[in-house]
Amino acid sequence: FFLGASAHALDYKRSSGGFVNGFRYMIRNLFNHLMQQKHGVDWPNTVLSLGKNLVDKLLERVDTSSGLHQMFGVLCDVVVIDNRDGAAGRAVYYEEVVLAN
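All residue numbers for the sequence shown refer to this note's numbering, where the first residue is 98 and numbers rise by one.
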């Protein structure tokens, strides 16, 4: 009860966190947050080269991401451009991060 009520406070009357189909995404997010804060584990991410790899990843997430669909307005994917040097350019892709309230 504690985890469900706390997680649902982020999206009350805005998204699906109060239902099983949204609750699982909030619990996964809480797990990643606690692992990062308490154990120093990086948020799950994928390092991609700029260009086709990044575009392919974006299209894949738009086509297949159920978390972003269920938790609209609460979760988002984040792309951090790490290096912009032509062919050596790279981006770090973080999936299903909670938006700030």
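All residues carry an ideal CB built from backbone N, CA and C; glycine is no exception.
Among R187, E157, D153, which has the Cα closest to the Cα of L147?
The shortest Cα separation from L147 among R187, E157, D153 belongs to R187.
Where F120 and Y190 are concerned, what is the direct C-alpha to C-alpha distance, given to the nearest angstrom?
Distance between the alpha carbons of F120 and Y190 is about 23 angstroms.
Could you check how far apart the C-beta atoms of G154 and L145 are, in whole angstroms? I think they sit under 8 angstroms.
Going by the sequence as given, residue 154 is Lys instead of Gly. Yes, they are in contact, since the Cβ atoms of K154 and L145 sit about 6 angstroms apart, within 8 angstroms.
Curious, which full-length beta strand (DSSP E) runs of at least 3 residues does the region 132-191 contain?
Correct list: 142-146, 172-180.
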